[in-house]
Amino acid sequence: MTPDMNASAALPAAPQALKQTLGTWQLWGIAVGLVISGEYFGWSYGWASAGTLGFLVTAIFIAAMYATFIFSFTELTTSIPHAGGPFAYARRAFGPVGGYIAGIATLIEFVFAPPAIALAIGAYLHVQFPGLDPKNAAVGAYIIFMALNIVGVQVAAAFELCVTVLAIFELLVFMGVVSPGFQLANFTKGGWSGADHFTLGSFSGIFAAIPFAIWFFLAIEGVAMAAEEARNPRRSIPIAYVTGIITLVLLAIGVMVFAGAAGDWSKLSNINDPLPQAMKYIVGDNSNWLHMLVWLGLFGLVASFHGIILGYSRQIFALARAGYLPPALAKVHPRFKTPHRAILAGGVIGIAAIYSDNLIQFAGQTLTANIVTMSVFGAIVMYIISMAALFKLRRTEPGMARPYKAPLFPIFPAFALCAAVLCLVTMVYFNALVAGIFAVIVVIGFAYFLATRNQRDLHASPDAIASAEFAENDTAVVERHP
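Numbering (the numbering used here), first residue to last: 621 to 1102.
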């Protein structure tokens, strides 16, 4: 497939070009940073339904799904390094409708995750400053990190790398501090949904805990959305993904086991700060270690919050550039070369969600708990269509340049696909109301999709040319956007 050079030359370089500045370690920082807040909060809710041992089974299964998914997804990312990520892959494989489904699913995942993390940041700050309203702190976090992302991706990525390293260091400190009180009996007691032994009834808890195990790894695929800003995406992205998933799996297992073995894990299963509470079992309420954990724990939340803002803005930018969202959202800042309007648009939605937290409740949970599940729904749908796109492109475009190929094909992508389908089915069963709201959002978006065909036709050519050039030539984007 050879792009028309005249059409390429006519592309509006200034308003829709992203600056290429990211190296391998910065991409690794984004990969781990996007996810690492999941090590600090959210996952322990899985203990409430599955118990420690049941949730360990769930987490191992989900870790296997993510490992096989990432090894397979990297083939798509390096073959089509595009800011739209899954949207671009599905569009190439299945056409505009496939692109829409992947795009709206990814958008839901990345737009609905930050409000939950922002509220957790506010809660952490409220512990140290009781007079500070957590919601105001959450909005302040949005303002600061939207501004940082607008200033420039290189500055943003350097910050992301720094706070990610500090967040990892803090998790290692946590494991070290609680290790003297480590007792395996604490972890295993009542570990099968409150029972000491596995029964057939344990399966229900194991499946119900799936969203909280996914929270351990949610959004790692967001590195794909920084592909157009990587200096050498076909070399650096595979390294970032593989080292990132290894880092996250080791940290998830370590945090879960050490927290559960520190004391009565059942008291940690329905709270947003399981690590500080687990540390209290060992060092008490007034230890300097505890205060340090609370402060440094913010780095983990900030790393994910900041990284997901980067991810949602690139997804909005790519969808708008292709005509799936209002084209005005595809404008790039003339000085900083960042998608400033997309950054602000996602922030407006997130801030609205923050102030809706105690106003909207359903399924017996606050909006904060449900937006986590909503985000996971978006992720799972995107994983399914991405793996389907991989199989389709292998069949229909065997000659497409593939600098990296999924290992053990078709076993790895098939396992990831089947695991994601299983997760989706069980999540719908256990979260029917949230699933219904997710479906309503998708249908409303599809109505917009159908109503804006002319807009999409107008903007399709530059986007298609961009995808083709990425697939054909490592240096195409550099040459077109110096």
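Don't be surprised by glycine CBs; every beta carbon is placed ideally from N, CA and C. Predicted model, so just to flag it, every value in this text is computed and none were measured.
Q. Can you tell me whether DSSP reads residue 812 as helix, strand or coil?
A. Residue state, collapsed to three classes: strand.
Q. Hey, how far is the Cα of residue 1057 from the Cα of residue 721?
A. Going from the Cα of residue 1057 to the Cα of residue 721 covers about 16 Å.
**Q.** Backbone CA spacing between residue 993 and residue 772 [nearest angstrom]
**A.** Their Cα atoms are separated by approximately 31 Å.
Q. Applying the criterion that 16 or more other CB atoms from any shown protein chain within 10 Å of the CB defines a buried residue, is residue 728 buried or exposed?
A. Buried.
Q) In or out: residue 1049 buried (at least 16 other Cβ within 10 Å) or exposed? A) Label assigned to residue 1049: exposed.
Q) What's the call for residue 754, buried or exposed, on a 16-neighbour Cβ count within 10 Å? A) Counting Cβ neighbours within 10 Å, residue 754 comes out buried, since at least 16 surround it.
(Q) Please classify residue 857 as buried or exposed, where buried requires at least 16 other C-beta atoms within 10 Å of its C-beta. (A) Buried, by the Cβ-count rule.
Q. At a cut of 8 Å, does the stretch 647-665 reach the stretch 800-815 through at least three beta carbon pairs?
A. Contact fails: fewer than three Cβ-Cβ distances are below 8 Å.
Q | Cα-Cα separation between residue 1006 and residue 1017, rounded to whole angstroms | A | Approximately 15 Å between the Cα atoms of the pair.
**Q.** Helix, strand or coil at residue 642 according to DSSP, with G and I counted as helix
**A.** The answer is strand: DSSP assigns residue 642 an E or B state.
**Q.** Distance CB(residue 853)-CB(residue 698) smaller than 8 Å
**A.** A contact, by the Cβ cut-off of 8 Å.
Q) Is the beta carbon of residue 686 less than 8 Å from the beta carbon of residue 917? A) Cβ distance not < 8 Å, so residue 686 and residue 917 don't count as in contact.
(Q) Would you call the stretch 827-834 in contact with the stretch 926-941, where contact means no fewer than 3 C-beta pairs closer than 8 Å? (A) Contact fails: fewer than three Cβ-Cβ distances are below 8 Å.
Q: Measure the CB-CB distance between residue 891 and residue 868 and report whether it falls below 8 Å.
A: Not in contact: residue 891 and residue 868 (Cβ atoms no closer than 8 Å).
**Q.** residue 1027 versus residue 688: straight-line alpha-carbon distance, rounded
**A.** Cα-Cα distance, rounded: 9 Å.
Q: Taking only runs that begin and end inside the stretch 659-725, name each unbroken alpha helix (DSSP H) of 4 or more residues, in chain order.
A: The stretch 659-725 contains these whole alpha helix (DSSP H) runs: 665-699.
Q.
Runs of 4 residues minimum, wholly inside the stretch 760-825: which ones carry the alpha helix (DSSP H) assignment?
A. The alpha helix (DSSP H) runs of length 4 or more contained entirely in the stretch 760-825 are, from start to end of the chain, 773-798 and 804-808.
Q | Proximal residues to residue 785 (C-beta, below 8 Å), its chain only, five neighbours per side dropped | A | So the list reads 649, once near-sequence residues are dropped.
Q) Between 1068, 1065, 683 and 968, which lies nearest to residue 766 when the distance is taken from Cα to Cα? A) For residue 766, the closest alpha carbon among the candidates 1068, 1065, 683 and 968 is that of 968.
**Q.** In chain order, each alpha helix (DSSP H) run of at least 4 residues that lies wholly inside the stretch 850-918
**A.** 853-880 and 894-903, all fully within the stretch 850-918.
Q | Three-way DSSP call (helix, strand, coil) for residue 729 in this model | A | In the structure shown, residue 729 adopts helical secondary structure according to DSSP, grouped into three states.
(Q) Below 8 Å, how does it come out for the stretch 796-805 and the stretch 899-908: are there three or more Cβ pairs, yes or no? (A) Contact between the stretch 796-805 and the stretch 899-908 is present: three or more C-beta pairs spanning the two stretches fall below 8 Å.
Q: Check whether the stretch 859-878 touches the stretch 949-963, taking contact to mean three or more Cβ pairs, one atom from each stretch, closer than 8 Å.
A: At 8 Å Cβ cutoff, the stretches do not touch.
(Q) Quick test of the definition: if touching needs 3 or more C-beta pairs under 8 Å, does the stretch 1055-1075 touch the stretch 1029-1040? (A) No, because fewer than three Cβ pairs between the stretch 1055-1075 and the stretch 1029-1040 fall closer than 8 Å, the two stretches do not touch.
Q: Check each candidate in 1036, 938 and 965 and name the one with the smallest Cα separation from residue 704.
A: It is 938.
Q) Are the CB atoms of residue 735 and residue 970 nearer to each other than 8 Å? A) Taking 8 Å as the Cβ cut-off, residue 735 and residue 970 qualify as a contacting pair.
Q: Locate the alpha helix (DSSP H) running through residue 1047, then write down its first and last residues.
A: Run containing residue 1047: 1031-1050, per the alpha helix (DSSP H) assignment.
Q. Mind checking whether residue 914 and residue 1068 have CB atoms under 8 Å apart?
A. For residue 914 and residue 1068, no; Cβs fall outside 8 Å.
Q | Beta-carbon proximity check, residue 683 vs residue 834, cutoff 8 Å | A | Cβ atoms of residue 683 and residue 834: not closer than 8 Å.
(Q) Just to confirm before moving on: does the CB-CB distance between residue 679 and residue 972 stay below 8 Å? (A) Note that the C-beta distance between residue 679 and residue 972 is not below 8 Å.
Q) What's the gap between the Cα of residue 750 and the Cα of residue 758? A) Roughly 14 Å between the two C-alpha positions.
Q) Secondary structure at residue 1025, three-state DSSP: helix, strand or coil? A) If DSSP states are grouped into helix, strand and coil, residue 1025 belongs with coil.
Q: Give the single residue among 974, 1051 and 1053 whose Cα lies nearest to the Cα of residue 737.
A: In terms of Cα proximity to residue 737, the closest of 974, 1051 and 1053 is 974.
Q: Using 10 angstroms around the beta-carbon of residue 1062, count the other beta-carbons present and answer buried if the total reaches 16, otherwise exposed.
A: Buried: at least 16 other Cβ atoms inside 10 Å.
Q. In chain order, what residues of the same chain have a beta carbon less than 6 Å from the beta carbon of residue 879, not counting five sequence neighbours either side?
A. If you ignore the 5 residues before and after residue 879, its C-beta comes within less than 6 Å of the C-beta of 894 and 898, all in its own chain and listed in chain order.
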